[in-house]
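Position one of the sequence shown corresponds to residue 59 (this note's numbering), numbered consecutively onward. Quick reminder that beta carbons are idealized off the backbone N, C-alpha and C, glycines included. Read through the structure below, which is laid out as structure tokens, and then see the notes.
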Amino acid sequence: MNRRKFLSAVGSLPLMGTINGVAWAAAPTTAASTPYNNLLVLIELKGANDGLNTVIPFTNPLYAQLRPRLAIARDQVLQLSEQEGLHPALQPLMPLWQNKELAVVQGVGYPNANLSHFRSIEIWDTASKSDEYLDAGWLARVFAQTPAPRQFAADGVVVGSSDMGPLSGLGVRTIALADTAQFLRNAKLAQSGTDERNAALKHILGVENEIVHAASKLNANRVFKTEFPRSAFGNQVRTAAQLVASNAGMATIRLTLSGFDTHAGQLGTQANLLKDLAEGTSALKAALTELNRWDSTLVMTYAEFGRRPKENQSGGTDHGTANAHFVTGGKVVGGIYGQAPQLNRLDGNGNLPFAVDFRSMYATVIDKWWGLNSDKILQGKFAPLDFVKT
59 MNRRKFLSAV GSLPLMGTIN GVAWAAAPTT AASTPYNNLL VLIELKGAND
109 GLNTVIPFTN PLYAQLRPRL AIARDQVLQL SEQEGLHPAL QPLMPLWQNK
159 ELAVVQGVGY PNANLSHFRS IEIWDTASKS DEYLDAGWLA RVFAQTPAPR
209 QFAADGVVVG SSDMGPLSGL GVRTIALADT AQFLRNAKLA QSGTDERNAA
259 LKHILGVENE IVHAASKLNA NRVFKTEFPR SAFGNQVRTA AQLVASNAGM
309 ATIRLTLSGF DTHAGQLGTQ ANLLKDLAEG TSALKAALTE LNRWDSTLVM
359 TYAEFGRRPK ENQSGGTDHG TANAHFVTGG KVVGGIYGQA PQLNRLDGNG
409 NLPFAVDFRS MYATVIDKWW GLNSDKILQG KFAPLDFVKT
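And the structure:
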């Protein structure tokens, strides 16, 4: 197959496997010394999950007043403390909580929140201020400052999406794929080469070389005892587990669970999505435990914003500000972090004040999980949280 046909094949298979650049910012470290032996798994809750019905302040009377139809009944809440509990669909997460391996971070947001899906997820992906526009994702800046070992298959892998998100820009080596086996089949179309007759061809050859390099490291041979959920998100979790089983080397994997923009009919939709999230996270824990990688993996959710505390007339919730997120892993210090929703302090638009800047969560990953320095990457000092054992 010639390169023109190869590129045509790539174009017809957007999730086949693409490399978001081929350059490296500095000499690679050795695999033995790299901080990236600690894996980060990000789960984007696309569309913005409703945190108030996820981590529920069931003793606060304002909760039921603001949500006469959407409030989860107190006897259905999975109790975490005397004041807070989880949505009943999150039952598969309770063993993690009981093992003190689940951190719940409440009140996550940022100053002057933007409630546009497109702009707010851009702020989260780039770790920018609300009025600042950055070209590169926060993870791309991490890898530019401290490169992953060259023998790694990639800096990061994006599963189930062609959007690079926090891995965008600065020539980081990022693979986007739907599943490992499909990527390996399609990677056979690529050819290694060294023709440098012009810059465009040199770039194409570089991309092909990187695809060949990544494919040579990966395999889909692992047979797991773990049963993965039979859902689109369950398939992403299975793919992530296969990637880790390859021992190919990668610093981060990003998964995406979509459908959280619940302006109408929220009760059933969110329950199904949260069940999918919990079952997928539980399966991921089981698979990583099989691989002896649970203690060296940190799993963290994120989304573009939260949702408004007061329900709307369509049985849903509109775009809001502060939100609740989960962090889990074998080295997580379980517990509740941040601040419970201040339902008596809503702003003029009916939105919650935030208590934890989302960049503090990123600082925890960079400073504590990877042992790097987040100041330059995040363009300021953001205090790490205490949900990671050091």
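Asked                                                                                                                                                                                        : Found
What are the boundary residues of the beta strand (DSSP E) that includes ALA322?                                                                                                             : That residue, ALA322, is in no beta strand (DSSP E); it is neither H nor E in DSSP.
What would DSSP say about GLU348, mapped onto helix, strand or coil?                                                                                                                         : helix
How is the alpha helix (DSSP H) around LEU121 delimited, first residue to last?                                                                                                              : Correcting the residue identity first, residue 121 is Tyr in this sequence and not Leu. Counting along the chain, the alpha helix (DSSP H) containing TYR121 begins and ends at 119-124.
By DSSP, does ARG366 sit in helix, in strand, or in coil?                                                                                                                                    : coil
Can you tell me whether ALA309 is buried or exposed, with buried defined as 16 or more other CB within 10 angstroms of its CB?                                                               : buried
What does a CB cutoff of less than 7 angstroms around THR422 pick up in its chain, not counting 5 residues either side in sequence?                                                          : PRO442, LEU443, PHE445 and VAL446
Report yes if the CB atom of LEU401 is closer than 9 angstroms to the CB atom of LEU124, and no otherwise.                                                                                   : yes
Going by alpha carbons, who is nearest to TRP454 out of THR386, ASN172 and ALA290?                                                                                                           : In the structure displayed, the chain extends from 59 to 448; residue 454 sits before or after that span and is not available.
Applying the 10 Å Cβ sphere with the 16-neighbour rule, what's the burial state of LYS104?                                                                                                   : buried
Are the beta-carbon atoms belonging to ALA345 and VAL295 less than 9 angstroms from one another?                                                                                             : yes
Identify every run of the alpha helix (DSSP H) within the segment 176-212, keeping only runs that are complete inside it and at least 4 residues long; order them along the chain.           : 196-203
For ASN107, which of helix, strand or coil comes out of DSSP?                                                                                                                                : coil
In the DSSP assignment, find the alpha helix (DSSP H) that holds ILE435 and state where it starts and stops.                                                                                 : 433-436
Does the Cβ-Cβ distance between ALA398 and ASN172 come in under 9 angstroms?                                                                                                                 : no
Can you check DSSP and say which residues form a bridge with ALA171?                                                                                                                         : Note: ALA171 sits in no beta bridge, so no partner.
Is it a yes or a no for the segment 202-217 touching the segment 170-184, going by three-plus beta-carbon pairs under 8 angstroms?                                                           : no
Mind checking whether ARG456 and ALA299 have CB atoms under 9 angstroms apart?                                                                                                               : Absent from the model: residue 456. The displayed extent of the chain is 59 to 448, so no value can be given.
Under the three-state reduction of DSSP, which class applies to ASP415: helix, strand or coil?                                                                                               : strand
Nearest to ALA306 by alpha carbon, out of ALA278, GLU142 and VAL163?                                                                                                                         : ALA278
DSSP state of GLY396, grouped into three classes?                                                                                                                                            : strand
Might you give, ordered along the chain, the residues of its own chain that have their beta carbon closer than 7 angstroms to the beta carbon of LYS283, omitting 5 neighbours on each side? : GLU348
Can you check which of these residues, VAL163, MET152, TRP428 and LEU301, is closest to GLU337 by C-alpha distance?                                                                          : MET152
Between the alpha carbons of TRP196 and ILE114, how many angstroms are there, rounded?                                                                                                       : 30 angstroms
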